[in-house]
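Enquirer:
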Amino acid sequence: MKSILKFIILKIFITSSLLYANDHEKVIIMGYKDMAKPPLIGNKNDNSGLYLELFERAAKRIGYRLEVKRLPKKRLHNALEQGTVDFYPGSSFSQKRTKYLYFLPNGLQTKEVLVSKSTQKEINHMSEVKGVLIVEPGSSKLEWSSLYPNIRITKLSKLSMSTIIKGIKYNRGDFNIADIEIVDFYKKSNNLKSYEDIGLKIHYNAINKEFIPMNMGFSKRSKLFSEKENLSFDKTKIVSIKNFPTIIDKNSIAYKFYLSLMQLKEEEITQDLYNKYFK
686 MKSILKFIIL KIFITSSLLY ANDHEKVIIM GYKDMAKPPL IGNKNDNSGL
736 YLELFERAAK RIGYRLEVKR LPKKRLHNAL EQGTVDFYPG SSFSQKRTKY
786 LYFLPNGLQT KEVLVSKSTQ KEINHMSEVK GVLIVEPGSS KLEWSSLYPN
836 IRITKLSKLS MSTIIKGIKY NRGDFNIADI EIVDFYKKSN NLKSYEDIGL
886 KIHYNAINKE FIPMNMGFSK RSKLFSEKEN LSFDKTKIVS IKNFPTIIDK
936 NSIAYKFYLS LMQLKEEEIT QDLYNKYFK
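Each position in the sequence shown, counted from 1, maps to that position plus 685 in the numbering used here.
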């Protein structure tokens, strides 16, 4: 009887220990839309890709495990606002998102380009755009219509390079703003010599002339994030990544995660991963 009692007590102790360990497991949650964006990430049932490899390595360096949560776009941004998702891997800056996201470089380089029909004359600045811009509902690109009066907006859900191409070809809109790495990957994976071959044109200098750092958006409500007042913030200037009301707390896990990503960049591991997926 005593041996049975000891066994039961031991089992309860082990179970409690495992539950405690799971509750206190160091996890950092990356959120992403429930659509594929290869080779950065697969479909909602397949997280494989550059993002998974890069952020898993960064998390491991600070003793954390990466967890990926796939959600519809609106629900995802609600989760970021609430802090139930810690970060979004590649986020465009927008005034609206500054309310709940803090922007930090993830070590990758990017630029946005403009996609149009091949009959469109070369565009070197967004002020030259006249027509309908295709964007996703809730996209930061919605702000372009308020910046430039000749731009009108049409919304299409779950945009991929394939749906962008169809949308422009079948006159759902005239333009789309796309990340260059997605444009290049589509060209490579479909063996295109030029987008002109399928009736499209890529305007490489319409938005960014040079490559710029890609930023992740870290939830300001995440338990891994903390911030403090930015004493250098200039209230007379517009809020931007370089002129932000707060600065990240260097003791936070979010900051350590950012430093881990910068180490991977410095060691050229980030570039090796990029070459693996895009070259």
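Glycine included, every Cβ here is placed at the ideal spot set by N, Cα and C.
Does the Cβ of T955 have 16 or more other Cβ atoms within 10 Å, making it buried, or fewer, making it exposed?
Expert: Burial call: buried.
Enquirer: Can you check the segment 879–959 for any beta strand (DSSP E) of at least 3 residues that lies completely inside it and give the ranges in chain order?
Expert: Within the segment 879–959, the complete beta strand (DSSP E) runs of at least 3 residues are 885–888, 897–904, 912–914, 931–933.
Enquirer: Can you give me the C-alpha to C-alpha distance between V800 and I883, rounded to a whole angstrom?
Expert: About 12 Å.
Enquirer: Considering just the uninterrupted stretch of the beta strand (DSSP E) at G716, what are its terminal residues?
Expert: It spans 712–718 - the beta strand (DSSP E) in which G716 sits, taken as one unbroken run.
Enquirer: Would you report the Cα separation of D708 and S803, rounded to the nearest angstrom?
Expert: Low confidence applies to D708: its pLDDT is 44, below 50, so where it sits in the model is not reliable enough to give any reading.
Enquirer: Unbroken beta strand (DSSP E) runs of length 3 or more, entirely within the segment 806–877: which are they?
Expert: Entirely contained in the segment 806–877, the beta strand (DSSP E) runs reaching 3 residues are, in chain order, 816–820, 836–840, 860–864.
Enquirer: Thinking just about the alpha-carbon of each residue, which of N856, M715, K878 is nearest to the one in L761?
Expert: Taking only the C-alpha atoms, the option nearest L761 is M715.
Enquirer: What do you reckon, are the CB atoms on K840 and E821 nearer than 8 Å?
Expert: Taking 8 Å as the Cβ cut-off, K840 and E821 qualify as a contacting pair.
Enquirer: Measure the alpha-carbon distance for N893 versus G775 and round it to whole angstroms.
Expert: For N893 and G775, the distance between alpha carbons rounds to 16 Å.
Enquirer: What does DSSP give as the partner residues of I747 in its beta bridges?
Expert: According to DSSP, which records beta bridges pairwise, I747 is partnered with nothing at all.
Enquirer: Here's the rule I'm using: 16 or more other beta-carbon atoms within 10 Å means buried, otherwise exposed. How should I926 be labelled?
Expert: Under this definition I926 is an exposed residue.
Enquirer: Locate the alpha helix (DSSP H) running through N763, then write down its first and last residues.
Expert: That run of the alpha helix (DSSP H) goes 758–767.
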